[in-house]
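A short worksheet on the structure shown next.
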Amino acid sequence: MVAASETTAGTAVPSQAEIELGARVGNAMMGLGRQWAAVSSQLGRIGIDKTAMVLLGALTSIGPVRSNALAEAVYSDPSTISRQVAGLVKDGLIERFADPADGRASLLAVTGKGRELIEARHQQRSCSMARMLAHWPAEDLQRFVELLERFVADHERNIPNFINEHAELMARSKGEN
567 MVAASETTAG TAVPSQAEIE LGARVGNAMM GLGRQWAAVS SQLGRIGIDK
617 TAMVLLGALT SIGPVRSNAL AEAVYSDPST ISRQVAGLVK DGLIERFADP
667 ADGRASLLAV TGKGRELIEA RHQQRSCSMA RMLAHWPAED LQRFVELLER
717 FVADHERNIP NFINEHAELM ARSKGEN
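In our numbering, the protein residues as written are 567 to 743.
Right, dumping it as structure tokens:
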């Protein structure tokens, strides 16, 4: 990769070649995002709600937590999460129970029914992806998965930076800076 120059603050300024590669990655991500939005829309029409699956998946990963911690985990607003969780509780996919550390607060946890749904969706998604990628050479697929996992981890670590950079851009475009 082409070396980036340094600013006086010590943060790297990307080279033109790096910016062009960044544009390609961004364009690919936007394309993938549009494709997944289309899939989510179609699945929503048959009763598979993307938001519910995101919340169930996050809650399965992090374990019983308060709703504000769940909101942070999925980068959402606590009031939005509260409404979505209410529906999941009503459907028997999530349960609320008193927080042993503070009885005034409640924790959220995935129920057995919720775990079964997450496991079934995970299995189905895994099979669909395996079928889609079956024509790839095994070594290409292995390398792609390794790089994609690395990319996703780096991307998640940088979400606060992305948000701040875009907020600063919006503020400058509105003449606030």
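Note that CB positions come from ideal geometry on N, CA and C, so glycine has one too.
Reference residue i, options the options, closest by Cα
i, options, result
"I660", "A589, A686, S633 and H701", "S633"
"M619", "P630, R670, H688 and G588", "H688"
"K616", "P630, I585 and L654", "L654"
"S627", "G588, G680, E586 and K656", "G680"
"G623", "G669, V640 and I725", "V640"
"M595", "S739, S692, A696 and V718", "V718"
"G629", "A686, A696 and R662", "R662"
Residue interval of the beta strand (DSSP E) (run including residue i)
i, result
"L735", "That residue, L735, is in no beta strand (DSSP E); its alpha helix (DSSP H) goes A704 to S739."
"S672", "D668 to V676"
Assigned exposure category for residue i - 16 Cβ within 10 Å defines buried
i, result
"I612", "exposed"
"L673", "buried"
"A637", "buried"
"V676", "buried"
"I585", "exposed"
**Q.** Inside the region 608–666 only - alpha helix (DSSP H) runs reaching at least 4 residues
**A.** Counting only runs of 4 or more, we get 616–628, 633–639 and 644–656.
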